[in-house]
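Read through the structure below, which is laid out as structure tokens, and then see the notes.
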Amino acid sequence: MAEHGHVLVVDDEPQLLRALRINLRARGFEVTTAATGAQALEAASKRPPDVVVLDLGLPDMDGFTVLAGLRGWTSVPVIVLSARTDAADKVQALDAGADDYVTKPFGMEEFLARLRAAIRRGTASGIPAEAPVVRAGALEVDLAAKRVTRDGEPVRLTPTEWGVLELLVRSEPNLVGQREILTAVWGPTYVNQTNYLRVYLAALRRKLEADPSHPRHLITEAGMGYRFVR
Numbered sequence: 051m052a053e054h055g056h057v058l059v060v061d062d063e064p065q066l067l068r069a070l071r072i073n074l075r076a077r078g079f080e081v082t083t084a085a086t087g088a089q090a091l092e093a094a095s096k097r098p099p100d101v102v103v104l105d106l107g108l109p110d111m112d113g114f115t116v117l118a119g120l121r122g123w124t125s126v127p128v129i130v131l132s133a134r135t136d137a138a139d140k141v142q143a144l145d146a147g148a149d150d151y152v153t154k155p156f157g158m159e160e161f162l163a164r165l166r167a168a169i170r171r172g173t174a175s176g177i178p179a180e181a182p183v184v185r186a187g188a189l190e191v192d193l194a195a196k197r198v199t200r201d202g203e204p205v206r207l208t209p210t211e212w213g214v215l216e217l218l219v220r221s222e223p224n225l226v227g228q229r230e231i232l233t234a235v236w237g238p239t240y241v242n243q244t245n246y247l248r249v250y251l252a253a254l255r256r257k258l259e260a261d262p263s264h265p266r267h268l269i270t271e272a273g274m275g276y277r278f279v280r
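Quick note on our numbering: the sequence shown kicks off at 51 and runs consecutively.
And the structure:
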């Protein structure tokens, strides 16, 4: 039985797959590997993992296609692992539903820290049963069930998107600083990654706001942080 969780690693480089399999198993993870997008989607559907590590450059389909396929039915944390270093690729991946982006080559200890953080976000619990249902216009945020609806229709959020939203909702109407959000959701090593916040707040607004360019509920305080307003 895996001590730390089940990881699905998707990459077409045999040496990298082998290295990750060895390192992860040595640290108590259960590991499933896939060399193509089709294998990845089949493996994830047969036995849902706790986190997916996904390369963008696969032989049969683009990694973004795999990510879209996963997001069609699961909110499992996804860490994109790619040699693409362009900022636009990172933003596109995060915007498409990835929870993190690691560029190759990478340090194993940093990668493992990001992996553990992703699993924590995906399996976080401890919300009290009496947690309220927060209503804001067409939105309904059920903190206990970790569920959001808009105009009565369910809205699918990734674990990271939920982490940001929950923190803001629970802090309402107070301002939550950028560093506080980054530390709480991503961890202390991410305190300077303010670009993450811009990407995730933009994604949340597209999903939750009637007019994302003029948000009513997810408010930016320039240079300071964000707040949730009913």
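Virtual Cβ for every residue (Gly too), placed ideally from N, Cα, C.
Only a predicted model underlies this, so the values are computations on that prediction, with no experimental measurement involved.
So, for P64: in the same chain, excluding its five sequence neighbours on each side, which residues have a beta-carbon less than 8 angstroms away from its beta-carbon?
A85
So, is I72 buried or exposed, given that buried needs 16 or more other C-beta atoms within 10 angstroms?
exposed
Reduced DSSP secondary structure (H/G/I, E/B, other) of T124:
coil
Reducing DSSP to helix, strand and coil, say where R255 ends up.
helix
According to DSSP, I269 sits in a beta bridge with which residue or residues?
R277
Tell me, please, which residues DSSP counts as bridged to T83.
V59
Does the separation of the CB atoms of L104 and V60 fall below 7 angstroms?
yes
Three Cβ pairs or more, each shorter than 8 angstroms: is that satisfied between the segment 247-264 and the segment 163-170?
no
Provide the residue(s) that pair with G172 in DSSP beta bridges, ordered along the chain.
None, per the DSSP bridge assignment.
Taking the alpha-carbon positions, what's the A93 to N242 distance?
35 angstroms
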